[in-house]
Each structure stands twice: as structure tokens, then as C-alpha cells.
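Protein chains in written order, with my numbering: chain A, 372 to 609; chain B, 51 to 459; chain C, 3 to 180.
Idealized CB from N, CA, C, for every residue including glycine.
Model, not experiment: these values are computed from the prediction.
Since the structure comes first, as C-alpha cells, the remarks are kept for the end.
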Amino acid sequence: MKRRDFLKSVLILPGLSLLASLGKEGVSYAMVVDVSKCIGCGKCVVACKIENDVPKEMPISRTWIEGYSADYSSPYSRTQVQKVVMNTTENPFIKMKWKYKTVFYVPKLCNQCSSAPCVQVCPVYARFYTKEGVVLVDKDSCIGCKYCVTACPYGATFVHPEQKVTDKCTFCYHRISKGLKPACVLVCPTGARKFGNINDKNSEVYRLLKESRVAVLKPEMGTYPRVFYINLDTTVVE
Amino acid sequence: MATGDSLREAIFVGLMIVLICIGAFGVIQMHTEPIVPIEPFESAIGIPWRLLVATYLFFVLSGLCIIASLSEVFGIKKFTAIADEALILSLVTVVVGLTVIALDLERVERGAYATLGHVNAGSVMFWMIMFYIIEVVLLIIEMWFHFRNRLLKQCEERGLRGIFAKIVTLRFLRLKFLEDERLNHEIAVVMGFATLFTAIIAYSNLGALFAANYLPAWHGPLLPILFVVTAVVTGSSLSIITTVASDWVRGDVLKRYESLQALKFLLGFALIVQAFFVGWKMLITAYPTAGELASKAMAAYITGKFAFNFWIIEVGIGMLIPLLLLVSPAGKSISGILLAAILAITGIIFSRIDLVLGGQVVKLISGVNVGNTPIHPFEVMTAIGAGALVVLLYYVLYKLLPVEVEHEA
Amino acid sequence: MRKKALLIGIGITAIVYALAFSYIFLISPIILEQGVPWIGSIVPVQIKELPIVRDIVAGVEKGYISNWFEKELSKKAKYKENEVCGECHKEYLDLIISSNHSSLACESCHGVGEEHSKLRTAWSIVVDRSRDACMSCHLNVSGREAIVTVDENHYPGVKCVVCHDAHDPLSISWSEGS
């Protein structure tokens with residue numbers, strides 16, 4: 372597929388063309404997060420904020436960690452959940468007194484949906500798909516209407532307080548296009564985050580997707596995320 | 051007597067200008083924080099749409115196009131006496147509403163890119179802007195033909211009104227065939243139809259902007275219809291208020307009693323439909339089978355943070371008391387109708403705030419964590435400034451245009 | 003007379019709608035995708051140097067889409083990877099790769115290496131030997147079943163690096179007096 376033809380199809384059918392290109396030849400990036408390996412150290416949040424110039428002390432971040440503490444019961448609707456979010460450089464989990472016994476951490480980020488609500492709703496075409504499937508923000512044409520912030524089911528988009536435009540995770544597009552890992556994947560000490568090309572049969576992401584049972588967040592939204600979770604608890608998928 | 055009147059007018063205009071200056075201060079403070087070194091929106095990250103969006107909704111859903119077209123397009127004689135004022139206020143509210151939403155944008159100057167092709171035709175918000183711009187254009191053309199006959203006569207006057215009429219009618223172009231009175235009137239009727247058509251598309255499209263969102267308090271098929279119905283409520287109430295106010299200033303309160311009675315029936319009907327749709331929307335969203343998220347979203351209105359706003363102001367003051375007033379003997383008097391209209395408008399203002407802020411409460415349980423849904427003082431200042439701007443622009447246009455209130459009623 | 007008014011009114015409406023729709027469906031895709039190369043020649047010279055006009059003219063000339071990717075790709079990567087660190091610190095890299103800490107990148111603990119890779123001074127990189135640095139991962143809080151953890155009773159107040167080498171944590175250099 373030539374680049375020009377690709378762009379033309381993007382213009383006509385933003386979501387569907389990407390879905391069609393999934394599984395074909397070419398690069399298609401995805402991230403696999405193993406929830407059981409995440410220890411809530413928060414190094415990914417700090418690294419992301421440094422790499423992408425997000426204010427460190429403000430409670431906004433391109434990637435964040437949610438700590439869950441749950442007390443399961445039957446029927447399931449009576450299950451008690453306590454949730455704490457780390458999205459500054461301060462780590463709240465170290466001194467946390469959890470209410471319930473089961474505790475786990477879930478790293479979250481922009482899901483890079485193949486059929487992204489934010490791309491569909493942007494009135495000035497400031498959000499677009501790359502041919503690898505990453506959703507980017509054109510910060511020079513965003514008018515800051517914040518429709519994408521309300522439209523994102525994952526809460527991954529926010530208004531950058533200094534640049535006054537919306538901002539979100541780009542899978543570190545400037546890094547991955549040079550063959551480097553995203554900053555959060557690089558610094559993760561336990562290897563909970565894995566990143567790579569799905570269509571490359573030697574990549575770790577391909578192996579993980581093939582060998583393990585994966586889940587995505589909020590599948591009922593029909594967004595077809597590119598971030599897959601292993602060992603995801605039902606409490607997280609609200 | 052004359053000096054007292056002009057003094058009163060000067061005080062009124064000065065007060066409005068002071069309020070507009072307060073609003074301008076609020077806008078500047080919101081975007082640049084030059085005076086108070088705080089982040090106004092720091093506590094509100096994750097609640098992207100707040101009071102200014104509610105203000106915008108209130109102004110652009112003013113529904114005065116519908117009221118004006120009742121006599122213009124559909125030929126209902128009882129509404130003829132209020133059509134001029136409704137047309138002027140319709141233009142003013144839509145223009146100020148678009149100004150407010152432009153001020154709410156973080157980078158409004160980037161609109162220059164959008165006007166040069168950087169647009170997404172798949173976005174509901176883009177179509178919202180498009181339809182409102184078309185509505186403003188058609189409304190201006192309609193008003194031009196509507197007032198043209200009287201403006202041509204006004205050209206003979208001396209002073210500001212005469213100069214204004216000479217410029218606006220484009221008399222120097224000598225458009226001979228457009229000086230036919232009946233032709234002008236009939237073009238105004240056709241344009242009124244086109245404006246009404248565009249306005250209803252724009253209202254329902256604005257409803258779709260919220261209803262197509264995944265947030266359960268907004269999501270659903272009823273919002274576009276509800277927006278059109280509440281636009282009729284807003285339009286008839288605003289029309290009642292402006293009619294009584296301008297008659298009171300002129301000193302002849304009972305002059306347009308017939309029109310007010312007709313507006314009263316329209317307001318009452320629209321309130322009943324609105325009450326039905328609000329109740330139905332509440333029912334199908336809060337019903338247990340609608341899902342856990344939807345129940346949580348509606349709990350904010352039924353028992354939660356917005357319960358007072360919803361039950362007392364929106365339902366009680368906004369719908370039930372006006373309806374009771376209108377059917378009771380008080381509904382025969384002008385003050386009773388006026389009170390009902392003011393209460394209905396209060397209810398509409400709070401329902402806009404509840405819709406915008408309350409709809410995003412459920413977002414708190416997923417994604418980034420947020421404290422609460424605040425209304426910042428600077429936003430309130432901006433909203434007040436926008437209201438004052440509407441009043442002042444309406445006053446100026448009312449003074450400049452040849453408004454007639456002595457149609458055969 | 004009525005017919006004439008109807009025609010004029012419908013004509014005006016049709017023109018307004020046609021202008022809007024042709025702009026959306028005909029002009030905007032052309033500008034977005036292919037660009038209008040001759041736009042620069044018709045812009046007056048007086049306003050051409052204003053920053054916003056210059057940006058718009060550049061975008062319209064090439065087509066906005068072609069600018070998108072270049073803008074994103076022109077950003078610099080701040081985190082270097084282990085290969086860059088290994089150019090100078092090969093002994094540490096070899097040590098950590100063969101150790102229990104092999105899943106760690108250099109910059110997990112030492113922080114961002116952008117400045118250090120240019121300046122190559124000791125103070126431009128984080129060398130944190132405190133107990134808290136290790137405890138950010140190894141403290142025994144809930145939900146850390148995936149790794150080896152210790153609680154505060156494990157030699158309280160003693161720095162971890164006294165016994166453990168961070169680059170090879172299993173080789174314990176332990177002596178009585180410390």
C-alpha cells in the first residue's frame with residue numbers, strides 16, 4: 372500500500388482502514404502489559420514525564436499506575452474495591468494502608484485504539500493515525516476544545532497546562548521510529564511492559580499474544596485497543 | 051423627564067459595561083493568570099467542560115428563531131408583535147454564545163488553520179460550528195430583508211439611526227428591484243423558513259454532540275429532542291421577559307397582552323413536553339437494567355451532588371411551579387406570566403449546568419482521579435459578563451433598528 | 003411576485019449551503035492531502051512574514067498531512083539505551099546482564115542519560131546509594147509478589163549497598179563489623 376493511497380483511505384474511513392490493515396504486512400505496534408509482574412514502583416511514570424515534558428508535580432500523566440485493593444464476594448456486585456492512582460512523581464503505594472487483602476497494580480496508558488473516539492471527534496483533524504497504528508496529536512493545530520478529553524473512555528487524554536493543547540501517550544513515537552523502546556518499557560525493572568511489532572514473528576509481543584490469554588480494557592466500547600493485558604482482574608474492567 | 055430618562059439609560063449602559071469588563075477580566079485571568087498566581091483549573095483536571103460550556107449551551111439553544119418564525123413563516127398573527135424583538139435577541143444570543151465557546155477554547159487563534167482546510171468532516175463538533183455559522187449567516191440575511199422596508203424609511207431620519215439605516219440598507223448601491231415592499235417581505239419569509247430549518251438541525255446536532263459520547267448521563271437517543279424542546283422553553287420565556295421589560299420601559303404594560311397570552315400557552319406546552327422527556331430520560335438511564343455505570347451516573351442527580359440542583363431547581367422551580375402558575379388564576383395577569391418565565395429560565399440555566407458538569411461525574415470512577423466538579427469564580431465572572439454583553443448588544447440593536455410593537459394584535 | 007421571492011430566497015439558501023459543503027468536501031481534503039503549491043505567490047508580501055501566516059502558508063503549500071509525521075519525528079529522545087551506556091561502562095553492563103538484575107536498564111536506577119551522554123561528568127547522572135533507592139522496589143508492600151522483598155526489620159538503617167552490589171545483588175560482601 373502506497374503512503375498516498377493509505378492517507379486517502381484514512382481520510383475517507385478513519386477507523387475501518389486501520390482495522391483492515393491489521394494483520395497484513397508492515398509494522399503494527401502493540402504493547403503487552405503483564406499485570407502480575409507490576410510492583411508499583413512508579414519508574415515508568417517518572418520516565419514518561421521526563422521524556423515527554425509533562426509537568427512532574429501535577430496530577431496528570433501520559434501513563435499512570437492504578438493500585439487496586441479488593442475484597443471479593445458473591446454476588447460480584449457487592450465486591451468492595453479501593454483504588455489509588457499514581458500520576459505524579461510521588462509514589463503513594465509505599466506508605467499505603469490498603470483496606471482489603473488482595474492488592475495489585477495496573478499500569479495504564481493511551482490504548483492507541485484502532486478505532487479511536489478521539490480521532491473521530493476532533494473537529495480540526497489534529498489527531499491522526501500513523502501507518503503503524505499509533506494515534507498522534509498534531510500540537511500545532513489543536514484548538515483545545517477538549518472534546519477528545521470527554522470522548523476518551525480510558526481517561527488517557529488531558530490538557531497540557533503549559534502548552535495549552537491536549538496531550539496523550541504516543542508510544543514515544545519519536546523513539547520507536549528510531550528503533551528505541553518507549554521510555555516506560557525501557558525503565559520497567561520487572562519487564563511488566565513489553566512493546567513490539569505484532570507482525571514480526573520473532574518479537575516478544577507476538578510470542579506473548581500467541582502464548583497467553585490477553586484482555587483489553589473496556590472491550591464493549593468497540594475501540595480495538597493496541598494495549599493488551601495479561602492476568603487482568605475483572606475489577607479493572609468496569 | 052427627558053433628562054431623567056437619559057440619565058437612567060446612561061446608568062444602565064454603564065452598569066452593563068462594568069459587568070462586561072468583569073467578564074473580560076475573568077477570561078484573561080482564566081487563560082493567562084497575570085494577576086493571581088494560581089492555576090485556575092488545577093483542581094478541575096479531568097472535568098474538561100465546565101461553566102462556560104453550560105453558558106454556551108444556554109445561549110445557542112435560545113430557540114428565539116422558532117418564536118420569531120411563528121408569525122413570519124407560519125403566519126400566526128398573535129405573535130407578530132413580538133417577532134422583531136425575538137429576531138434581534140436570537141441573533142445576539144447566538145453570536146454571544148459562539149463568542150463564549152471561542153473564549154473557552156485553549157487556543158482559539160488556531161481557528162485560522164481550520165478556516166484553511168484543516169477540518170475533520172467526521173466530527174460532530176465540526177458540524178456544530180458549521181451549522182451555527184450557517185444559521186448566523188441566514189439569520190442576518192433574514193433580518194436584512196425583514197427590516198428593510200422600515201429601514202428604507204428610517205434613512206430619512208437625522209442622527210445615528212439615519213446613518214445606520216443608510217449603511218445597512220446599502221442604499222448607495224441603488225438596488226431598485228429590492229425596494230418592492232411585498233417582495234422584501236416574502237424573501238424574509240423564505241429566509242425565515244431556511245433559518246428555522248438550520249436552527250433545528252443545529253439544536254439537534256448539538257444534542258448529538260453530547261448524546262454520541264460514551265458518558266452514560268449523556269448517552270442516549272433523547273438528548274437531541276430534549277434540546278429542541280428546551281430551546282422552545284428558553285425562547286418563549288426569554289420572549290416573555292423581553293416583551294414585558296420593553297413595554298415596562300415604554301410605560302404601556304398591557305399593550306401586548308394578546309401576544310403574552312399566546313406565549314403563555316406555548317411555554318406551558320413546552321414545559322409539559324420537557325417534563326415528560328426529562329422524566330423519561332431519567333427513567334431509562336437509571337433503571338436497574340440499564341447497567342451499573344448508568345445507575346452511578348444518575349445517582350449523582352437523584353441522591354448525589356446534583357440532587358438539590360435537579361429536584362429543587364430544575365424540576366421544582368424550573369418546571370412544576372411555572373406550570374402551576376400558568377394554569378392558576380395568576381396566569382391571567384402579566385406579573386404571573388413574567389414570574390413563570392423567570393422561574394422557567396432559572397430552571398433551564400441550572401439544567402444546562404447540571405447536564406454539562408453532572409454528566410462528567412461518572413468519569414471520576416475510571417481513568418485519572420479527580421477531586422470534585424468545581425465552578426471557579428473566574429468562570430462565573432465570565433458567564434456574568436456574557437450575560438451583560440447579550441443585554442447591551444440587544445439594547446444597542448433595539449435602539450438602532452426600527453422595531454415596531456404596534457402591529458395589529 | 004410570490005414565485006420571484008421564493009426563487010430568490012431558495013437561491014440564497016442554496017448558495018450558503020453549497021459554499022459550506024463544497025468547502026468541506028472538495029476544498030479541505032485537497033488542502034489537507036495534496037496541498038496548494040501556488041498559495042505562496044498570491045499572499046501579499048507585507049503579511050507573509052507574520053508567524054501565524056507563515057505557518058499557515060507552509061502548511062497549505064505542502065498539505066498539512068505531510069508535516070505531521072516530520073514534526074513528531076523531529077523530537078529528540080532523552081533516554082539513551084543500554085548500548086550507549088555500554089560504550090564507556092562496558093564492565094558494569096556485562097556484570098548486570100549476567101546477574102539477577104538483568105531485566106533492569108541502566109536508566110531505571112541512574113535516571114535519564116541525556117545530559118550525561120554529552121557531558122560525561124559524574125554529577126550529570128544519578129548515583130543514589132541510599133536505602134530508599136532500593137526500597138522503591140524491594141520494600142515489602144502489598145502486591146509485590148513478583149520480586150524478592152524485605153521489610154524494615156532487615157538490618158534497619160543500613161544501606162543496602164554495604165552488603166549487596168546493585169549490579170550483582172546475589173554476591174553478598176558481608177562482614178561482621180559493618
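Chain A partners of residue i, CB-CB under 8 Å?
i     : result
W70/C : F499, L507 and D509
Ignore the nearest five residues each way along the sequence and tell me which others in residue i's own chain have a CB closer than 8 Å to its CB.
i      : result
M467/A : G438 and V455
Y400/A : Q483, E503, G504, V505, F542, I547, F566, G567, N568, I569 and R597
P271/B : A261
L47/B  : Residue 47/B is absent from the structure shown; chain B starts at 51 and stops at 459.
V441/B : M66
Spatial neighbours of residue i within its chain, please: CB distance less than 6 Å, with the 5 preceding and 5 following residues excluded, ordered by chain position.
i      : result
L137/B : A118 and M193
C136/C : C162
A252/B : F181, Y182 and E185
F464/A : G411 and G438
Using a C-beta to C-beta distance shorter than 9 Å, which residues of chain B count as neighbours of residue i?
i      : result
I514/A : L155, E156, R157, V158, E159, R160, G161, Y163 and A164
Could you confirm whether any beta carbon from chain A is found closer than 8 Å to the beta carbon of residue i?
i      : result
P338/B : no
I117/B : no
L107/B : no
L57/B  : no
I179/B : yes
H168/B : yes
Q410/B : yes
G417/B : Bear in mind that the predicted position of G417/B carries a pLDDT of just 40, short of 50, making it too unreliable to give a figure here.
V377/B : no
According to the neighbour-count rule (16 or more other Cβ atoms, all chains shown, within 10 Å of its Cβ), is residue i buried or exposed?
i      : result
E615/A : Summary: the structure shown does not reach residue 615/A, with chain A confined to residues 372 through 609, and so no result is reported for it.
N573/A : exposed
I290/B : buried
W40/C  : exposed
S104/C : exposed
G394/A : Unreliable placement is indicated for G394/A, whose pLDDT of 49 sits below 50; the coordinate value is still reported in the next sentence. Label assigned to G394/A: exposed.
I97/B  : buried
C108/C : buried
Going along chain B in order, which residues have a C-beta closer than 7 Å to the C-beta of residue i?
i    : result
A7/C : L233, E236, I237 and V240
Using beta carbons (cut-off 8 Å, strictly below), is residue i in contact with chain B?
i      : result
V45/C  : no
S24/C  : no
G11/C  : yes
K517/A : yes
K572/A : no
M592/A : yes
Y471/A : no
So, does the CB of residue i fall closer than 8 Å to a CB anywhere in chain C?
i      : result
P560/A : yes
H531/A : no
G386/B : no
F475/A : yes
A244/B : yes
L480/A : no
V187/B : yes
So which residues of chain A does residue i contact, with C-beta pairs closer than 7 Å?
i      : result
Y81/C  : A418, E422, A554 and L557
A168/C : Neighbours of A168/C on chain A: none; closest Cβ ~12 Å, over 7 Å.
What does a CB cutoff of less than 7 Å around residue i pick up in its chain, not counting 5 residues either side in sequence?
i      : result
L393/B : I367, G368, I371 and P372
D134/B : V453 and E454
G515/A : V530, K535, V536 and T537
P87/B  : Per-residue confidence for P87/B stands at a pLDDT of 41, beneath the threshold of 50, marking its modelled position as unreliable; the derived number appears in the next sentence. So no residue of the chain qualifies.
G147/B : Y106, F109 and V110
Which of the three DSSP states is assigned to residue i in this structure?
i      : result
G285/B : helix
H166/C : strand
V398/A : coil
S345/B : helix
G567/A : strand
G113/B : coil
Which chain C residues are close to residue i, counting only those with a beta carbon under 8 Å from its beta carbon?
i      : result
G125/B : Going along chain C, no residue has its Cβ under 8 Å from G125/B, so there is no contact; the nearest lies around 14 Å.
N462/A : S138
A152/B : What A152/B touches in chain C: nothing, since even the nearest Cβ is about 16 Å away.
Find the residues of chain A that neighbour residue i, judging by a C-beta separation of less than 9 Å, and give them in chain order.
i     : result
I32/C : Chain A residues near I32/C: none, gap ~11 Å exceeds 9 Å.
Using a threshold of 7 Å, is the CB atom of residue i nearer than that to any non-hydrogen atom of the ligand FMN?
i     : result
G61/C : As far as ligands go, the structure on display features none, and thus does not contain the ligand FMN.
Taking residue i as the query, report the chain C residues whose CB atoms sit under 7 Å from its CB, ordered along the chain.
i      : result
W435/A : Here the premise fails: no neighbours, minimum Cβ distance about 16 Å.
How would you list, in chain order, the residues of chain B whose beta-carbon sits under 8 Å from the beta-carbon of residue i?
i     : result
G61/C : Y163, L166 and H168
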